[in-house]
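S.K.:
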Amino acid sequence: MNILVTGGAGFIGSNFVHYLYNARPDWHITVYDALTYAGNKANIAGLDASRVSFIHANICDEAAIDAAVADCDVVVHYAAESHNDNSLHSPWPFVETNIIGTYRILEAIRKHSKRLHHVSTDEVYGDLELDDPAKFTPDTPYNPSSPYSSSKAASDHLVRAWVRSFGIQATISNCSNNYGPYQHVEKMIPRQVTNILSGQKLKLYGAGENVRDWIHTEDHSSGVLAILEKGRIGETYLIGADGEKNNLEVFNMILRLMGKDQSWLEHVNDRPGHDMRYAIDSSKLRQELGWEPKYTDFTAGLQATIDWYTENQAWWQPQKDETEAKYQELGR
Ligand code: NAD
Ligand code: TDX
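Laid out in structure tokens, this is it:
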């Protein structure tokens with residue numbers, strides 16, 4: 000099996016590459032990545048070069064993506080602009096990569112009759128009220144809030160249309176908030192952990208009552224592989240591990256695990272249009288494909304993530320100042 004992993008040098012894509020490298024030793028993996036500010040070849044360093052190759056290219060490059068898709072059996076598509084705060088500041092790269100880039104992949108998939116798994120987010124469904132007993136299901140209507148989530152929603156619609164109109168072999172997954180190693184320091188958990196490691200305060204948006212449904216990135220990887228191998232063509236599967244927590248709870252856990260008191264917590268400007276709550280009902284994936292998350296103890300997973308950032312200062316330090324300078328401009 001020759002698998003092409005777009006965005007395989009980013010956070011979730013590189014974790015998937017490591018997962019697959021161990022889980023399917025007879026597969027050849029090609030990482031296809033433009034190495035934007037969020038991509039880092041160090042994330043996939045140390046893997047056997049006879050089993051993992053790398054193409055440095057943009058998914059919007061029609062000729063490059065066409066050639067890469069022609070050479071593989073299946074594509075797992077992670078490449079995206081992924082940060083909501085950036086999308087509120089500068090939406091165009093989100094429209095270009097997430098919509099046009101996905102279009103280019105779909106056209107190559109159609110031309111060469113290859114299998115596609117498209118990786119998306121629960122944010123396409125908008126948000127839930129704090130007291131709503133409901134969770135997102137594959138039937139929840141799309142209602143995205145930000146330029147990021149609307150561009151991901153657009154990409155999902157393109158995939159569905161290409162399945163229905165052209166009969167391409169594709170599946171979609173929508174996953175909740177991931178945490179784990181190799182996540183860029185712009186994102187909530189790594190930002191706070193590396194702030195403490197740099198002697199800076201934690202930056203909480205608003206009152207911190209917003210709820211996210213946390214899943215360890217390795218559980219996301221096992222879900223994607225299950226769908227790739229056993230999922231029904233044309234179907235959407237939601238990936239989540241029943242990890243709902245409000246942001247203040249997570250900040251307090253980070254403070255406690257890192258031995259800091261409340262004086263380290265700073266309330267900053269809220270994100271405009273800030274989604275209140277995400278929650279995933281993953282029963283379709285569990286019942287149909289027998290998938291189960293492995294990381295069900297969030298405190299243990301968070302501690303392991305804190306340890307990883309503590310031990311890998313050289314990995315995140317080069318991103319840190321530039322990221323905080325961007326936040327300073329936004330007043331967050
Ligand atoms: P990331 O920003 O860490 O990584 C994105 C990767 O894609 C980087 O390596 C980057 O260089 C590459 N890339 C960006 N634009 C590209 C382009 N035009 N051509 C080729 N490569 C390009 O993102 P992530 O958090 O790892 O997210 C990966 C995917 O998972 C995205 O599709 C995202 O929407 C989805 N997702 C993320 C989360 C989360 O919690 N982070 C949750 C659900 C779904
Ligand atoms: O410094 C911060 N302080 C803070 O309170 C940051 C960076 C974030 N937050 C809040 C905003 C959110 O309520 O924490 C929550 C999580 O923020 P992010 O890490 O930016 O994630 P979110 O916006 O929820 O989106 C993430 O999950 C879904 C990923 O970035 C997306 O790619 C994915 O689709």
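Under numbering that gives the first Met the number 0, the final residue of the sequence shown carries the number 331; numbering is consecutive throughout. Each residue gets a CB set at the ideal place from its N, CA and C atoms; glycine is no exception.
1) Along the alpha helix (DSSP H) that carries residue 268, what are the first and last residues, could you check?
2) For residue 198, count neighbouring C-beta atoms within 10 Å of its own C-beta (all shown protein chains included) and say buried if the count is 16 or more, exposed if not.
3) Would you report the Cα separation of residue 309 and residue 315, rounded to the nearest angstrom?
4) Which residues in the same chain have their Cβ closer than 6 Å to the Cβ of residue 325, if we skip the five residues on either side of it in sequence?
5) So what does DSSP say about residue 117, is it helix, strand or coil?
6) For residue 294, name the three-state secondary structure that DSSP assigns.
7) Please name the residue or residues paired with residue 31 in a DSSP beta bridge.
8) Do residue 31 and residue 2 have their C-beta atoms within less than 8 Å of each other?
9) To the nearest angstrom, how far is the alpha carbon of residue 283 from that of residue 294?
10) Please tell me whether, using a cut-off of 7 Å, the distance from the CB of residue 291 to the nearest non-hydrogen atom of the ligand TDX is below it.
11) Pop quiz: residue 274 and residue 126 are said to be a contact at Cβ under 8 Å. What is the actual Cβ separation, rounded to whole angstroms?
12) Quick one: using the 10 Å Cβ neighbour count with 16 as the cut-off for buried, is residue 242 buried or exposed?
13) Taking 6 Å as the limit between beta carbons, can you name the residues of its chain near residue 247, skipping five residues before and five after?
14) In terms of alpha-carbon separation, which member of 151, 287 and 110 lies closest to residue 167?
15) Could you give the residue range of the alpha helix (DSSP H) that holds residue 193?
16) Between the alpha carbons of residue 187 and residue 253, how many angstroms are there, rounded?
17) Over the uninterrupted beta strand (DSSP E) stretch that includes residue 243, give me the two end residues.
18) Does the segment 49 to 64 come close enough to the segment 110 to 119 to have 3 or more Cβ pairs within less than 8 Å?
19) Do the segment 38 to 57 and the segment 9 to 19 make contact, defined as three or more Cβ pairs closer than 8 Å?
20) Apply the 10 Å Cβ neighbour rule to residue 231 and answer buried if 16 or more other Cβ atoms are within range, or exposed otherwise.
21) Excluding the 5 residues flanking residue 191 on each side, which residues of the same chain have their C-beta closer than 6 Å to its C-beta?
22) Report, in whole angstroms, the separation of the C-beta atoms of residue 210 and residue 255, which I expect to be a contact under 8 Å.
23) Report yes or no: do the segment 221 to 237 and the segment 294 to 307 share at least 3 C-beta pairs separated by less than 8 Å?
24) Taking only heavy atoms of the ligand NAD into account, decide whether any of them is closer than 7 Å to the Cβ of residue 153.
25) Quick one: Cα of residue 68 to Cα of residue 262, how far?
26) Going by DSSP, name the residue or residues bridged to residue 276.
27) Return yes when at least one heavy atom of the ligand NAD lies under 7 Å from the C-beta of residue 10, else no.
28) Here's the rule I'm using: 16 or more other beta-carbon atoms within 10 Å means buried, otherwise exposed. How should residue 182 be labelled?
29) Does DSSP put residue 49 in a helix, a strand or coil?
30) In chain order, what residues of the same chain have a beta carbon less than 7 Å from the beta carbon of residue 205, not counting five sequence neighbours either side?
31) Is the beta carbon of residue 123 less than 8 Å from the beta carbon of residue 152?
32) Taking only heavy atoms of the ligand TDX into account, decide whether any of them is closer than 7 Å to the Cβ of residue 203.
33) So does residue 237 have its beta carbon nearer than 7 Å to some heavy atom of the ligand NAD?
34) Classify residue 21: buried if its beta carbon has 16 or more other beta carbons within 10 angstroms, exposed otherwise.
35) Mapping the DSSP letters down to three states, classify residue 251 as helix, strand or coil.
36) Taking 7 Å as the cut-off, is the CB of residue 120 close to at least one heavy atom of the ligand NAD?
M.R.: So, to answer that:
1) Position 269 of the sequence shown, counted from the start, is the residue given in the question as residue 268. That residue, residue 268, is in no alpha helix (DSSP H); it is neither H nor E in DSSP.
2) The residue you call residue 198 lines up with position 199 of the sequence shown. With fewer than 16 other Cβ atoms within 10 Å, it is exposed.
3) Indexing the sequence shown from 1 puts residue 309 at position 310. Indexing the sequence shown from 1 puts residue 315 at position 316. When rounded, the distance between both Cα atoms is 10 Å.
4) By 1-based counting over the sequence shown, the position of residue 325 is 326. Within the same chain, and ignoring the five residues on either side of residue 325 in sequence, no residue has its Cβ closer than 6 Å to its Cβ.
5) Residue 117 sits at position 118 when you count from the first residue of the sequence shown. Correct three-state label for residue 117: strand.
6) As a working mapping, residue 294 is identified with position 295 in the sequence shown. Coil.
7) Numbered from 1 along the sequence shown, position 32 holds the residue referred to as residue 31. BP columns for residue 31 point to 5 and 54.
8) Mapped onto the sequence shown, residue 31 falls at position 32. Mapped onto the sequence shown, residue 2 falls at position 3. No. Outside cutoff.
9) As a first step, residue 283 is located in the sequence shown; it is residue number 284 there, counting from the start. As a first step, residue 294 is located in the sequence shown; it is residue number 295 there, counting from the start. If I take the Cα positions, the gap works out to 19 Å.
10) Residue mapping note: residue 291 aligns to position 292 of the sequence shown, counting from 1. Flag unset: Cβ of residue 291 not near the ligand TDX.
11) For the purposes of this step, residue 274 is taken as residue 275 along the sequence shown, with counting starting at 1. For the purposes of this step, residue 126 is taken as residue 127 along the sequence shown, with counting starting at 1. With a Cβ gap of about 4 Å, residue 274 and residue 126 count as contacting.
12) Numbered from 1 along the sequence shown, position 243 holds the residue referred to as residue 242. A residue is called buried when at least 16 other Cβ atoms come within 10 angstroms of its Cβ; residue 242 meets this threshold and is buried.
13) Here the question's residue 247 lines up with position 248 in the sequence shown. For residue 247, where only same-chain residues beyond five positions count, the Cβ hits under 6 Å are 207.
14) Position 168 of the sequence shown, counted from the first residue, corresponds to residue 167. Per the Cα distances, 110.
15) The residue labelled residue 193 in the question sits at position 194 within the sequence shown. 187 to 196 is the extent of the alpha helix (DSSP H) around residue 193.
16) Residue numbering aside, residue 187 sits at position 188 when the sequence shown is read from its first letter. Residue numbering aside, residue 253 sits at position 254 when the sequence shown is read from its first letter. Residue 187 and residue 253 have their C-alpha atoms roughly 11 Å apart.
17) Your numbering for residue 243 matches position 244 in the sequence shown. 243 to 245 is the extent of the beta strand (DSSP E) around residue 243.
18) Taking 8 Å as the limit for Cβ pairs, the verdict is that the segment 110 to 119 does not touch the segment 49 to 64.
19) In short, these stretches touch, since the Cβ pair count reaches three.
20) Counting from 1 along the sequence shown, the entry for residue 231 is found at position 232. With fewer than 16 other Cβ atoms within 10 Å, it is exposed.
21) Taking the sequence shown and counting its residues from 1, one reaches residue 191 at position 192. Once the five neighbours on either side are set aside, the close Cβ partners of residue 191 are 201 and 253.
22) Locating residue 210 in the sequence shown gives position 211, where the first residue counts as 1. Locating residue 255 in the sequence shown gives position 256, where the first residue counts as 1. Separation of the CB atoms of residue 210 and residue 255 is rounded to 19 Å, and the pair is thereby denied contact status at 8 Å.
23) They do not touch, by the three-pair rule.
24) Translated into positions along the sequence shown, residue 153 becomes position 154. Residue 153 Cβ: outside cutoff for every heavy atom of the ligand NAD.
25) What you label residue 68 is simply residue 69 of the sequence shown in a count that begins at 1. What you label residue 262 is simply residue 263 of the sequence shown in a count that begins at 1. Near 52 Å, if we compare the C-alpha coordinates of residue 262 and residue 68.
26) What you label residue 276 is simply residue 277 of the sequence shown in a count that begins at 1. Partner(s): 210.
27) Counting from one through the sequence shown, the residue named residue 10 turns up at place 11. The ligand NAD has a heavy atom closer than 7 Å to the beta-carbon of residue 10.
28) Residue mapping note: residue 182 aligns to position 183 of the sequence shown, counting from 1. Looking at its Cβ environment, which holds 16 or more other Cβ atoms inside 10 Å, residue 182 is buried.
29) Position 50 of the sequence shown holds residue 49. Taken through DSSP and simplified to helix, strand or coil, residue 49 comes out as coil.
30) Counting from one through the sequence shown, the residue named residue 205 turns up at place 206. Around residue 205: 269 and 273.
31) Locating residue 123 in the sequence shown gives position 124, counting from the first residue. Locating residue 152 in the sequence shown gives position 153, counting from the first residue. Inclusion of residue 123 and residue 152 in the CB contact set at 8 Å is warranted, their separation being smaller than that value.
32) By one-based count along the sequence shown, residue 203 stands at place 204. Because some heavy atom of the ligand TDX lies under 7 Å away, the Cβ of residue 203 counts as near it: yes.
33) As a working mapping, residue 237 is identified with position 238 in the sequence shown. The answer is no for residue 237.
34) Looking up residue 21 in the sequence shown gives position 22. So residue 21 counts as exposed.
35) By 1-based counting over the sequence shown, the position of residue 251 is 252. Reduced to three states, the DSSP call for residue 251 is helix.
36) The sequence position of residue 120 within the sequence shown is 121, counting from 1. Yes - the ligand NAD has a heavy atom lying nearer than 7 Å to the Cβ of residue 120.
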